[in-house]
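Peer 1:
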Amino acid sequence: MIRKTVTPVFFIVVFIIIAFPCVVRADLINKDSLKNPQILSNIILKQSEDKDPLTAERLLLTAAKIYPDNPAIYFMLFKKTIALNPTGFVSSLRYLYKGLTACRDNFWWRFNLRGLLIATIVITFFLLSLFIALLRLSGDTQLIIHEAEEDLKNASFLAVIPISFFGLPYLTASLLFLAFLNVRGNSRLTGYVLLALLILVFPLGRYLDRYIGSGASPALKAAVSINEGLESPSFWGQIKERTDFVSRFSYALSLQKNGSFDEAIKIYKGILSKKRDARVYINLGNCYAGQGDLDNAGKMYQEAIKITPLPSAYYNLSIIARERLDFISGDKLFAKAVKMDFQRITRFREVWSSIDSMHFMSERLSLPELLRFARKIGNTGKGGALWKFYLFSIVALILIAILYIRRKSPGDAMRCPKCGKIFCLRCQKRLFWGGMCSECFRNMITFETNPAERIEHILQTYRYREQRKAVLSVLTYIVPGASLILGNRFLAGTVFLTSFLFFTLLALLSRVFTFNIYPYSPGWLTLLSVLMMAVTYTLSLIYTRKRLKKGWL
Ligand SMILES: [Zn+2]
Ligand SMILES: [Zn+2]
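Letter by letter, the sequence shown follows residues 1 to 553 in the working numbering.
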């Protein structure tokens, strides 16, 4: 029954919005639609999606006027206007900038973007460490085997493998440790740094865990919605029973906005018995005013001013003064409120003056308060024991220490850069120029071998080099930076691999972190990430191919 009546009404509203944007702009300010500017702006936003750019821009500007705090409106404006023409590019960039600023002031957008960034960093780092470890081990396993064959004691490092069973961070740590055992010189620094950074994954992972937990929390959604101006009673069930300040305040605000003044007064008084907060006094005053008790309302505003002088207290007092026909002090109080926060007062007046001159200004919770509340709500207290972090830190530091102590060892196996043969100082008593093996040395420098043997060795060397080159050039196309890391160019390789992983994950995860902003997603960010991914890929290709051609890898 309700649906049957609502649907045609909805379509009529939508039709009016689409067909007569100018009419709508003039007509929008009516009591019912203003009760929910957020919902209304979302309806317009949805409708603009499949419109031509000009119509869409007009519609979206209307939506932005109704509810300026929704970043999705500006991002859609950016998307719609960017294709118009090159001269309009600057103005569409302005929309993008406006959207970004709005993200700072909009709870869910800020929440999602922050979560997205942390998740991307954590996962990028994990994948980077695993990638580097596996890449190195693909070649270095043979060295480890050779060392073990020479002396079984050398295999003792493999004892690190069982710790992998403690979880992904431990697995990554043990693989990194083994992978960097045979890395020489300054490149070993990468190993130390990666192992040390792995420690940070614990607190960041915990933070992320809480984040996702709170993103899905109905209580948080209720508190945020109410403080954003959606005071619907449908949220009451989620926060009614909660005893914290944010929940009590939000619940009372919602009751007050829905006209349940007695109930709201009771809760506000309860809050005040524990914590004196100017905002609570102001809202309490509004409840009294709603009941027609202007004397008590005025007292509450005066009480609020004693704690923190807020513009809303002066504004509400000015309404009471004017109501009592005391226009002189009414004007004075109003001027004081405007002086304190011009934007807020004018915006409020713009909306309410024509509808209800007796509408009092309420106080809501700030964004930082709600963000803190989110952090608290996500803290379920499970799984985040501190000893786990300490244990892992100790393990990681021990691995770094062993890696450092073992940086120069005479028993280390080496790979001949010419022919790929594996040897060590046990099976080959002396070290030759360029780190080559004894065969290569005899063939190239002393010519001690007979011609047939020499030709055989040259062919073998040639085959090794061709094979290696083929593997490296294929890898160059698959994963940026991978062939650089295999070719001992750690710094450049890590930079390419990190930025490629980061932007790939950012593009993918930007579609996931859409808590309570669905169906909108930061499409501009996805686009930007894909673009940066392509740039990284191309740069890495140019850089690596040049070095491959010159034989530097
Ligand atoms: Zn050799
Ligand atoms: Zn050996």
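Here a beta-carbon is modelled for each residue, glycine too, at the ideal position from N, C-alpha and C.
If we call anything under 8 Å between Cβ atoms a contact, is Leu403 one with Phe177?
Peer 2: Cβ atoms of Leu403 and Phe177: closer than 8 Å.
Peer 1: Any heavy atom of ligand 1 closer than 7 Å to the CB of Lys418?
Peer 2: Checking the Cβ of Lys418 against ligand 1 gives yes.
Peer 1: Which residues have their C-beta within less than 5 Å of a heavy atom of ligand 2, listed in chain order?
Peer 2: Glu150, Cys424, Arg426, Cys427
Peer 1: Can you tell me which residues form a DSSP beta bridge with Arg188?
Peer 2: Answer by DSSP bridge pairing: none, since Arg188 is not bridged.
Peer 1: Compute the Euclidean distance between the alpha carbons of Cys416 and Cys437, then round it to the nearest angstrom.
Peer 2: Between Cys416 and Cys437, the C-alpha separation is close to 5 Å.
Peer 1: Counting along the chain, where does the alpha helix (DSSP H) carrying Cys440 start and finish?
Peer 2: 438 to 441
Peer 1: Could you tell me which of Arg364, Gly411, Arg454 sits nearest to Leu152, measuring between CA atoms?
Peer 2: Closest option to Leu152, Cα to Cα, is Gly411.
Peer 1: Apply the 10 Å Cβ neighbour rule to Cys427 and answer buried if 16 or more other Cβ atoms are within range, or exposed otherwise.
Peer 2: exposed
Peer 1: Within 10 angstroms of the Cβ of Leu505, are there 16 or more other Cβ atoms? Answer buried if so, exposed if not.
Peer 2: The C-beta of Leu505 has 16 or more other C-beta atoms within 10 Å across all chains shown, which makes the residue buried.
Peer 1: Would the beta-carbon of Glu456 be found less than 7 Å away from any heavy atom of ligand 1?
Peer 2: no
Peer 1: Exposed or buried, which one is Asn186 when buried takes at least 16 other CB atoms within 10 Å?
Peer 2: exposed
Peer 1: Cβ-heavy atom distance between Glu439 and ligand 1 below 7 Å?
Peer 2: yes
Peer 1: For the candidate residues Asn316, Leu310, Ile307, Gln142, whose alpha-carbon lies nearest to that of Ala297?
Peer 2: Cα-wise, what sits closest to Ala297 is Asn316.
Peer 1: So does Met436 have its beta carbon nearer than 7 Å to some heavy atom of ligand 1?
Peer 2: yes
Peer 1: Is the beta carbon of Val122 sitting closer than 8 Å to the one on Leu204?
Peer 2: yes
Peer 1: With distance defined between alpha-carbon atoms, name the residue in Lys336, His359, Leu93, Lys46 nearest to Glu323.
Peer 2: His359
Peer 1: Answer with buried or exposed for Glu456, where buried requires no fewer than 16 other C-beta atoms within 10 angstroms of its C-beta.
Peer 2: exposed
Peer 1: Between Phe490, Met533, His146, which lies nearest to Arg184 when the distance is taken from Cα to Cα?
Peer 2: Phe490
Peer 1: Based on Cα-Cα distance, which residue from Tyr95, Leu54, Phe107, Ser91 lies nearest to Leu365?
Peer 2: Phe107
Peer 1: Measure the C-alpha to C-alpha separation of Arg104 and Ala64 and round it to an integer number of angstroms.
Peer 2: 16 Å
Peer 1: Consider the C-beta atom of Lys421 and the heavy atoms of ligand 1; say whether any pair is separated by less than 7 Å.
Peer 2: Yes, the beta carbon of Lys421 sits closer than 7 Å to at least one heavy atom of ligand 1.
Peer 1: Whole alpha helix (DSSP H) runs in the segment 304 to 367 with 4 or more residues, listed along the chain?
Peer 2: 311 to 323, 327 to 340, 342 to 352
Peer 1: In whole angstroms, what is the alpha-carbon distance linking Phe502 and Thr120?
Peer 2: 6 Å
Peer 1: Is it buried or exposed for Gly551, if we count other Cβ within 10 angstroms and need 16 for buried?
Peer 2: When all chains shown are included, Gly551 counts as exposed.
Peer 1: Using alpha carbons as the reference points, say which of Leu541, Gly285, Leu386, Arg248 lies closest to Val479.
Peer 2: Leu541
Peer 1: Within a Cβ cutoff of 8 Å, which residues of the same chain sit near Arg276, ignoring the five residues on either side of it in sequence?
Peer 2: Ile307
Peer 1: Is there contact between the segment 217 to 226 and the segment 90 to 101, where contact requires at least three CB pairs shorter than 8 Å?
Peer 2: no
Peer 1: Once DSSP output is grouped into helix, strand and coil, what is the label at Cys424?
Peer 2: strand
Peer 1: Which residue wins for smallest C-alpha separation from Val160, given the options Glu147, Ala335, Leu181, His146?
Peer 2: Comparing Cα-Cα distances from Val160 to each of Glu147, Ala335, Leu181, His146, the minimum goes to Leu181.
Peer 1: Quick one: give me the first and last residue of the beta strand (DSSP E) that Ala413 is part of.
Peer 2: Taken as a continuous stretch (DSSP letters only), the beta strand (DSSP E) holding Ala413 covers 413 to 415.
Peer 1: In the segment 110 to 142, which residue ranges form an unbroken alpha helix (DSSP H) of at least 4 residues, counting only runs that do not cross its ends?
Peer 2: none
Peer 1: Could you tell me whether the segment 508 to 527 touches the segment 65 to 82, where touching means 3 or more Cβ pairs closer than 8 Å?
Peer 2: yes
Peer 1: On the three-pair Cβ rule with 8 Å, is the segment 264 to 272 touching the segment 349 to 358?
Peer 2: no
Peer 1: In terms of residues, what are the limits of the alpha helix (DSSP H) holding Ser540?
Peer 2: 523 to 549
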